[in-house]
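Engineer:
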Amino acid sequence: MMSMTSVKIDATSSAASITPRAQERTGWFRRLFRANQVHEAPKDARSENEGGNAMELINSRLLFVNDARRTMEYTASMQKKYRTGQYCSNTVRSSKYTALNFLPKSLFEQFRRVANSYFLIISLLQLCTDLSPTNEYSTIGPLMLVLFATMVKEGLEDRARHQQDWIVNHDKVDTLNGELDVTQGKSTSNHTPGVFQSIYWQSLRVGHVIKIYDMEQVPADVVLLFSSQPSGEAMCETSSLDGESNLKVRHCVKWIDIIPQKPQDFGDTVHGEIRCETPNKRLYSFDGVMRIRRATERGNDNNSPRQQLEEQRDDGIMSEFEEIPITIENVLLRGMKLCNTKWAVGVVVGGGNDTKLVQNMKAIPSKFSRLDRIANRCIFLIFSVLFIVCCFSSVQASLFAVKVHRKPTHAAALPYVGEFHPAYLLEAWVTYLILYNNMVPISLYISLEVVKWYQARRIETDPKMYCSVTGRGVTARTSNVNEDLGQVKYIFSDKTGTLTKNQMLFKRRVAYWWRYNV
Numbered sequence: 001m002m003s004m005t006s007v008k009i010d011a012t013s014s015a016a017s018i019t020p021r022a023q024e025r026t027g028w029f030r031r032l033f034r035a036n037q038v039h040e041a042p043k044d045a046r047s048e049n050e051g052g053n054a055m056e057l058i059n060s061r062l063l064f065v066n067d068a069r070r071t072m073e074y075t076a077s078m079q080k081k082y083r084t085g086q087y088c089s090n091t092v093r094s095s096k097y098t099a100l101n102f103l104p105k106s107l108f109e110q111f112r113r114v115a116n117s118y119f120l121i122i123s124l125l126q127l128c129t130d131l132s133p134t135n136e137y138s139t140i141g142p143l144m145l146v147l148f149a150t151m152v153k154e155g156l157e158d159r160a161r162h163q164q165d166w167i168v169n170h171d172k173v174d175t176l177n178g179e180l181d182v183t184q185g186k187s188t189s190n191h192t193p194g195v196f197q198s199i200y201w202q203s204l205r206v207g208h209v210i211k212i213y214d215m216e217q218v219p220a221d222v223v224l225l226f227s228s229q230p231s232g233e234a235m236c237e238t239s240s241l242d243g244e245s246n247l248k249v250r251h252c253v254k255w256i257d258i259i260p261q262k263p264q265d266f267g268d269t270v271h272g273e274i275r276c277e278t279p280n281k282r283l284y285s286f287d288g289v290m291r292i293r294r295a296t297e298r299g300n301d302n303n304s305p306r307q308q309l310e311e312q313r314d315d316g317i318m319s320e321f322e323e324i325p326i327t328i329e330n331v332l333l334r335g336m337k338l339c340n341t342k343w344a345v346g347v348v349v350g351g352g353n354d355t356k357l358v359q360n361m362k363a364i365p366s367k368f369s370r371l372d373r374i375a376n377r378c379i380f381l382i383f384s385v386l387f388i389v390c391c392f393s394s395v396q397a398s399l400f401a402v403k404v405h406r407k408p409t410h411a412a413a414l415p416y417v418g419e420f421h422p423a424y425l426l427e428a429w430v431t432y433l434i435l436y437n438n439m440v441p442i443s444l445y446i447s448l449e450v451v452k453w454y455q456a457r458r459i460e461t462d463p464k465m466y467c468s469v470t471g472r473g474v475t476a477r478t479s480n481v482n483e484d485l486g487q488v489k490y491i492f493s494d495k496t497g498t499l500t501k502n503q504m505l506f507k508r509r510v511a512y513w514w515r516y517n518v
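Read in order, the letters of the sequence shown correspond to residues 1 to 518 in the UniProt record's numbering.
Laid out in structure tokens, this is it:
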């Protein structure tokens, strides 16, 4: 049995090993923990201090290690009391459309193109007025065909994004004790101590303790607890985050003699809390404090460790914890890949849209390629010519009506014959606009869409784009900006040659003044 004095000394010594700068950063978290104790105090004490600590509670997040359900209950109470948002699930969506917004959003994208808006106006003039010299459906039919074909292409491309999201969200990760799958309301195991069982990435919640193996992607932002390395280190690759392929070192949190050194003994013997910063975009900083103690230090020895834990809890927050600072050196971010380390165990502190990787992702833009902009400028030029032609034709028609059509037989068809009237001039201009509408090619955009789609398929099947090391080819997630590929004006690189690859190839050898090529 470990004494409280020895635990405090070890915790202090481990905290002292952290740099002074890290201790300064975690100072305000200590105040947050004191604020949290006030918040979870009896009701008569809460009412006196609640107002001053509300903002501190809102501007940080609290989670319970290996207790995702209790973490969700806490966030639900905070949401009800302070109208704060709950912690995100680990589901990530990179698709552009959903079933609800596909039609309006896709139509909006189509009518950003000048020609489509122009033909829509022509179609309305043909349908709603009697000034059209052509069939009223002669423009709306081809326009609907163009819009439908483009929407089908957009739908197929976005369907591929949904499938990729499904693959990522349904990848599996091992969680301690087969944590409760809150999305299905079912337990994946009988909560046998020390057992890791697999659940989907999308089922991960803040507070889950997970196990990551060598060459696996980190599914969420994780505070490192254990590592297969005796030194407590874990190597990881961060190319998905910052583009650097060199390995980086992450360290387990400093908790010597506070918790068991084996993950198998962690589930039922340790209870802890983590107070950390709210989700942000900072990839190179993380501030937090872990407060943890062993469950067997107090309580009835005849009870199970889990029952002893329940006896020690005081309205959801335990009052006596050892505080351990957490920095970015103790965190594995989503998108990292574990390398040269057999396994690592950590607790999820951020998932889904709360991860730093997703926080740094921009919203999927409505990409408008350079070719589309050039096409719009050309169409504006055609509009200018069309406007001049319509003006000239309408004036000539008015003069022709005044000078030539003076016979009584034309009076019914031309009510303004014999005199100049502005209304006739306007009607003639609209009539000639409808008549000359084919000066703008309605098949321009549909031709571009077909060519871009075909080019994207050729890119995906190009054998020169196949990587023999990974066994994968290139994937064209969108075909809207094919023409912008390779349009690079400036390359920024440091002196280490980030864009180069250290690969030694034997080219030739020289022996006794003879050169042999390979």
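Where is the CB? At the ideal position from N, CA and C, for every residue including glycine.
Short of 6 angstroms in beta carbon distance, which residues of its chain neighbour residue 353, apart from the five on each side in sequence? Order them along the chain.
Structural biologist: 88.
Engineer: Just the C-alpha distance for residue 507 and residue 514, rounded to the nearest angstrom, thanks.
Structural biologist: Cα to Cα, the separation comes out at about 14 angstroms.
Engineer: Confirm, please, whether the CB-CB distance from residue 440 to residue 379 is below 8 angstroms.
Structural biologist: The answer is yes: Cβ separation under 8 angstroms.
Engineer: Do you know offhand how far residue 239's Cα is from residue 346's?
Structural biologist: C-alpha separation (whole angstroms): 21 angstroms.
Engineer: Would residue 390 pass as a contact of residue 424 if the rule is Cβ separation under 8 angstroms?
Structural biologist: Their beta carbons are not under 8 angstroms apart, which means residue 390 does not touch residue 424 by this criterion.
Engineer: So, is residue 349 buried or exposed, given that buried needs 16 or more other C-beta atoms within 10 angstroms?
Structural biologist: When all chains shown are included, residue 349 counts as buried.
Engineer: Tell me which same chain residues have a C-beta within less than 7 angstroms of the C-beta of residue 341, skipping the five on either side of it?
Structural biologist: For residue 341, where only same-chain residues beyond five positions count, the Cβ hits under 7 angstroms are 214, 227, 228, 229, 234, 235.
Engineer: Going straight from the alpha carbon of residue 69 to that of residue 206, what length do you get?
Structural biologist: Going by the C-alpha atoms only, they are around 9 angstroms apart.
Engineer: Any idea if residue 285 is buried or exposed, counting beta-carbon neighbours within 10 angstroms, 16 or more meaning buried?
Structural biologist: By the 10 Å Cβ count, residue 285 comes out exposed.
Engineer: By the 10 Å Cβ neighbour count, where 16 or more other Cβ atoms means buried, how is residue 141 classified, buried or exposed?
Structural biologist: Counting Cβ neighbours within 10 Å, residue 141 comes out exposed, since fewer than 16 surround it.
Engineer: Is it the case that the Cβ atoms of residue 357 and residue 333 are separated by a distance below 8 angstroms?
Structural biologist: The answer is yes: Cβ separation under 8 angstroms.
Engineer: Quick check on DSSP: helix, strand or coil for residue 197?
Structural biologist: In the structure shown, residue 197 sits in a strand (DSSP, three-state: E or B).
Engineer: Can you list, in chain order, the residues of its chain whose CB lies under 7 angstroms from that of residue 329, leaving out five sequence neighbours each side?
Structural biologist: Around residue 329: 250, 251.
Engineer: Could you name the residues of the same chain whose beta carbon sits closer than 7 angstroms to that of residue 220, not counting the 5 residues immediately before and after it, in chain order?
Structural biologist: 90, 204, 334, 348, 350, 351, 355.
Engineer: List the whole-angstrom C-beta distance separating residue 202 from residue 169, where the pair is believed to meet the contact cut-off of C-beta under 8 angstroms.
Structural biologist: Correct: roughly 4 angstroms between the Cβ atoms.
Engineer: Report yes if the C-beta distance between residue 149 and residue 446 is below 8 angstroms; otherwise report no.
Structural biologist: Yes, these two residues count as a Cβ contact at 8 angstroms.
Engineer: Mind checking whether residue 131 and residue 125 have CB atoms under 8 angstroms apart?
Structural biologist: It is a contact, given that the beta carbons lie within the stated cut-off.
Engineer: Pop quiz: residue 442 and residue 107 are said to be a contact at Cβ under 8 angstroms. What is the actual Cβ separation, rounded to whole angstroms?
Structural biologist: Contact doesn't hold; Cβ gap of about 17 angstroms is too wide.
Engineer: Excluding the 5 residues flanking residue 331 on each side, which residues of the same chain have their C-beta closer than 8 angstroms to its C-beta?
Structural biologist: Excluding sequence neighbours, residue 331 sits near 221, 222, 223, 224, 250, 286, 349.
Engineer: Which first and last residues belong to the beta strand (DSSP E) in which residue 346 is found?
Structural biologist: Taken as a continuous stretch (DSSP letters only), the beta strand (DSSP E) holding residue 346 covers 343-350.
Engineer: Helix, strand or coil: how does DSSP classify residue 217 here?
Structural biologist: Here residue 217 sits in strand by DSSP.
Engineer: For residue 272, which beta-bridge partners are listed by DSSP?
Structural biologist: Partner(s): 292.
Engineer: Determine the closest residue to residue 398 out of 432, 369, 483, with distance taken between C-alpha atoms.
Structural biologist: Of the candidates 432, 369, 483, the one whose C-alpha sits nearest the C-alpha of residue 398 is 432.
Engineer: Considering just the uninterrupted stretch of the alpha helix (DSSP H) at residue 287, what are its terminal residues?
Structural biologist: It is not in any alpha helix (DSSP H) - residue 287 carries neither H nor E in the DSSP assignment.
Engineer: Measuring straight from C-alpha to C-alpha, what distance separates residue 465 and residue 157?
Structural biologist: Cα to Cα, residue 465 sits roughly 20 angstroms from residue 157.
Engineer: Going by the beta-carbon positions, is the gap between residue 161 and residue 477 smaller than 8 angstroms?
Structural biologist: The answer is yes: Cβ separation under 8 angstroms.
Engineer: Is residue 479 closer than 8 angstroms to residue 455 when the C-beta atoms are compared?
Structural biologist: Yes, Cβ-Cβ distance for residue 455 and residue 479 is below 8 angstroms.
Engineer: Can you tell which of 122, 146, 145 has its C-alpha closest to the C-alpha of residue 135?
Structural biologist: Answer by Cα proximity: 122.
Engineer: If I measure Cβ to Cβ from residue 171 and keep anything under 6 angstroms in the same chain, skipping five residues before and after, which residues do I get?
Structural biologist: These residues qualify, in order along the chain: 201.
Engineer: Under the rule that 16 or more other beta-carbon atoms within 10 Å means buried, what is residue 273, buried or exposed?
Structural biologist: The residue is buried, with at least 16 neighbouring Cβ atoms inside 10 Å.
Engineer: Can you tell me whether residue 510 is helix, strand or coil according to DSSP?
Structural biologist: Note: residue 510 maps to strand in three-state DSSP.
Engineer: Could you work out which residue in 173, 166, 110 is closest to residue 147 when comparing CA atoms only?
Structural biologist: Measuring from the Cα of residue 147, the nearest candidate turns out to be 110.
Engineer: Look at the alpha carbon of residue 167 and the alpha carbon of residue 95, and state the distance between them as a whole number of angstroms.
Structural biologist: Looking at the two C-alpha atoms, the distance is approximately 13 angstroms.
Engineer: Would you mind sorting residue 77 into buried or exposed? The rule is 16 or more other CB atoms within 10 Å of its CB.
Structural biologist: Residue 77 comes out exposed.
Engineer: Starting from the C-beta of residue 71, find all residues in its chain whose C-beta is less than 6 angstroms away, skip the five residues before and the five after it, and write them out in chain order.
Structural biologist: For residue 71, where only same-chain residues beyond five positions count, the Cβ hits under 6 angstroms are 63, 64, 206, 207.
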